[in-house]
Ligand SMILES: *Cc1c(COP(=O)(O)O)cnc(C)c1O
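In the numbering used here, the protein residues as written are 26 to 426.
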C-alpha cells in the first residue's frame with residue numbers, strides 16, 4: 026500500500042486523539058527511518074527519547090526474537106528468570122534497593138504516587154497525602170499521573186484527582202512554603218522534558234532533598250525521559266549528585282518495547298505490601314529481555330559517556346545556530362542528548378517541525394517554543410551536524426519571511 030492509501034485508512038480507522046505528521050514509516054536502521062516509499066529521514070527524535078539504541082539494532086532485535094521464541098509471559102503469580110536479572114541490573118546501576126515493573130511512564134508514576142501515600146498511611150499518618158509538583162511538569166496521562174502533571178491543557182475536563190500543589194520549577198522558596206506536615210512527597214523531573222527541556226537551576230535538586238529531609242517527605246524523581254543514559258549519566262539524579270527515595274523509568278528503558286519501572290530505596294521496600302499494587306503485564310520476560318539488552322548495548326558501546334560528549338558537541342552546534350540567528354532563536358539548553366533550541370516569542374515550534382521534516386529531519390516540540398533534540402544514543406557526530414545544518418537552513422528561511 027502507498028502512503029496515500031494508508032493515510033486514508035488511518036483517517037478512517039485510527040482514533041483521532043493525535044495529530045501525526047503525514048508520514049508513514051515502514052523501517053528503520055540506527056538513526057534513520059524510511060517511509061513506505063523508501064524516503065530517508067534522519068531521526069533526531071527517537072520516538073520521544075525512546076529508541077536509545079537506535080532502530081533495528083541487531084543485538085536488541087536478536088534479544089527480543091530469542092526471548093519471544095523462549096518465553097513471553099507468565100504473570101506475577103510466578104517469578105521469571107529475566108525480570109530478576111533486570112531488577113538487579115537496574116538497582117546496581119542506580120544504587121537503589123528494589124525494582125517494580127510496569128508498562129509505561131504514566132504507570133510508573135502512578136506506582137510512585139501510590140507508594141508515597143501508602144507509605145505514610147501504613148505508618149498511621151493518614152492525613153499526610155498531599156504532593157508537591159511543578160508547573161509545566163509532565164508525568165503522564167492516567168488520572169493519578171495527570172494530577173501531578175503541571176500543564177492545565179492536559180488536565181482540562183477529566184476530573185483528575187486533587188491533592189497535588191504545583192509551584193514554579195526551580196523556585197525553592199515556593200516549595201518551602203508548601204512543605205506543611207501534610208506533604209507526603211515532592212515529585213520532580215531532574216530536567217523538565219515536555220515542559221521545554223528545562224535544566225534544574227544550580228542547587229535546586231539539592232535544595233529539594235534538604236527540604237524533604239527536614240519535613241520527612243519523600244523525594245520522587247520522574248526519570249522517565251532523563252533516565253537510561255539520556256543525560257550522559259545512567260540516571261539524571263546521578264548527574265545532579267542528589268539521591269531520591271524513588272525514581273521512575275520508562276521511555277529509553279526498553280529501547281522501544283513498552284516497559285516502565287519504579288526503583289525504590291530499602292526504606293520504602295515495605296510501603297506497597299502484597300495485594301496493594303500490581304500489573305498483569307508488568308515485568309514480563311519479553312519486555313525485560315529488551316531492557317536487559319538495552320543496558321548491555323549502552324555499556325558495550327559506551328553510549329552513556331557518549332551521550333555526555335556528543336551532547337556537549339550538539340549543544341555547541343545549537344548555540345552556534347542561536348548566535349547566528351538571534352531574530353529566531355533565544356538560545357540553547359539541555360544536558361547530554363536531551364537538548365532544546367529555544368525560539369523567540371512569536372515562533373511556534375509545532376509549526377516549524379513540518380518544514381524540518383520536509384527536509385528529512387525529525388524532531389519534536391517541547392513546550393510551545395522549543396525544538397527538542399532527543400536522538401538515539403547511537404547517533405553519530407556526522408548525523409548531528411547534518412541535522413543541525415538543515416535546522417539552521419529552515420530557521421534562516423523563517424527569519425526572512
Ligand atoms: C513521557 C513521560 C511520561 C509518560 O510516559 P508514558 O509512557 O507516555 O506514560 C512521564 N513522565 C515523563 C517525565 C515523561 O517524559
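Glycine included, each C-beta is placed from N, C-alpha and C at the ideal position.
task: Just the C-alpha distance for residue 292 and residue 271, rounded to the nearest angstrom, thanks.
output: On the chain shown, position 267 is the one that residue 292 refers to. On the chain shown, position 246 is the one that residue 271 refers to. If you take the alpha carbons of residue 292 and residue 271, they lie about 10 Å apart.
Proximity below 8 Å, CB of residue 362 to CB of residue 335: By one-based count along the chain shown, residue 362 stands at place 337. By one-based count along the chain shown, residue 335 stands at place 310. Yes, these two residues count as a Cβ contact at 8 Å.
message: Does residue 26 pass the burial test, meaning 16 or more other C-beta atoms within 10 Å, or should it be called exposed?
response: Residue 26 sits at position 1 when you count from the first residue of the chain shown. Per the 10 Å Cβ criterion, exposed.
Reduced DSSP category for residue 68 - H, G, I as helix; E, B as strand; rest coil: Looking up residue 68 in the chain shown gives position 43. In the structure shown, residue 68 sits in a strand (DSSP, three-state: E or B).
Start-end ranges of the beta strand (DSSP E) lying completely within the stretch 94 to 149, minimum 3 residues: 123 to 127
message: Using 8 Å for Cβ pairs, my map puts residue 133 next to residue 285. What's the rounded Cβ distance?
response: The residue you call residue 133 lines up with position 108 of the chain shown. The residue you call residue 285 lines up with position 260 of the chain shown. Going by Cβ atoms, the distance from residue 133 to residue 285 rounds to 4 Å, so yes, they are a contact pair.
- prompt: Say the cut is 7 Å; is the CB of residue 106 nearer than that to a heavy atom of ligand 1?
  reply: Along the chain shown, one-based indexing puts residue 106 at 81. Checking every heavy atom of ligand 1 against the Cβ of residue 106, none is found closer than 7 Å.
message: Given 7 Å as the limit, tell me if residue 275 has its C-beta closer than that to any heavy atom belonging to ligand 1.
response: Reading the chain shown from its first residue, position 250 is the one you call residue 275. Indeed, a heavy atom of ligand 1 lies less than 7 Å from the Cβ.
- prompt: Rounded to the nearest angstrom, how far is the Cβ of residue 233 from that of residue 200, given a contact under 8 Å?
  reply: Position 208 of the chain shown, counting from 1, holds the residue named residue 233. Position 175 of the chain shown, counting from 1, holds the residue named residue 200. Sure, about 6 Å apart at Cβ, within 8 Å.
- prompt: In the DSSP assignment, what are the bridge partners of residue 155?
  reply: Here residue 155 corresponds to residue number 130 of the chain shown, with the count starting at 1. Residue 155 is bridged by DSSP to 208.
query: Any idea which residues DSSP pairs residue 57 with across the strands?
result: Your numbering for residue 57 matches position 32 in the chain shown. DSSP lists 54, 67 as partners of residue 57.
message: Whether or not the stretch 301 to 317 and the stretch 239 to 247 are in contact is what I'm after, with contact meaning three or more pairs of Cβ atoms, one per stretch, closer than 8 Å; do they touch?
response: The answer is no - the stretch 301 to 317 does not touch the stretch 239 to 247, with fewer than three Cβ pairs under 8 Å.
field: Identity of the residue in 188, 378, 360, 415 nearest residue 47 by Cα
entry: Here residue 47 is taken as the residue at index 22 of the chain shown, counted from 1. Ranking 188, 378, 360, 415 by Cα distance to residue 47 puts 378 first.
message: Am I right that residue 161 and residue 194 are in contact with their C-beta atoms under 8 Å? What's the rounded C-beta distance?
response: As a working note, residue 161 is residue 136 in the chain shown. As a working note, residue 194 is residue 169 in the chain shown. Yes, residue 161 and residue 194 are in contact; Cβ-Cβ is about 6 Å, under 8 Å.
message: Rounded to whole angstroms, what is the Cα-Cα separation between residue 192 and residue 126?
response: Stepping through the chain shown from its first residue, residue 192 is reached at position 167. Stepping through the chain shown from its first residue, residue 126 is reached at position 101. In this structure, the CA atom of residue 192 is about 29 Å from the CA atom of residue 126.
- request: Can you tell me which of the three DSSP states residue 272 falls into?
  value: Reading the chain shown from its first residue, position 247 is the one you call residue 272. If DSSP states are grouped into helix, strand and coil, residue 272 belongs with the strands.
- prompt: What are the boundary residues of the beta strand (DSSP E) that includes residue 246?
  reply: The count along the chain shown starts at 1 and reaches residue 246 at position 221. That run of the beta strand (DSSP E) goes 243 to 247.
Beta-carbon spacing of residue 173, residue 197 below 8 Å: In the chain shown, the residue the question calls residue 173 occupies position 148. In the chain shown, the residue the question calls residue 197 occupies position 172. It is not a contact, given that the beta carbons lie outside the stated cut-off.
message: For the beta strand (DSSP E) containing residue 365, name the first residue and the last one.
response: As a working note, residue 365 is residue 340 in the chain shown. Bounds of the beta strand (DSSP E) holding residue 365 are 363 to 368.
Beta-carbon gap between residue 165 and residue 122 smaller than 8 Å: Stepping through the chain shown from its first residue, residue 165 is reached at position 140. Stepping through the chain shown from its first residue, residue 122 is reached at position 97. No, Cβ-Cβ distance for residue 165 and residue 122 is not below 8 Å.
message: Could you check if residue 131 belongs to the surroundings of ligand 1, using beta carbon to heavy atom distance under 7 Å?
response: Taking the chain shown and counting its residues from 1, the one referred to as residue 131 is at position 106. Yes - ligand 1 has a heavy atom lying nearer than 7 Å to the Cβ of residue 131.
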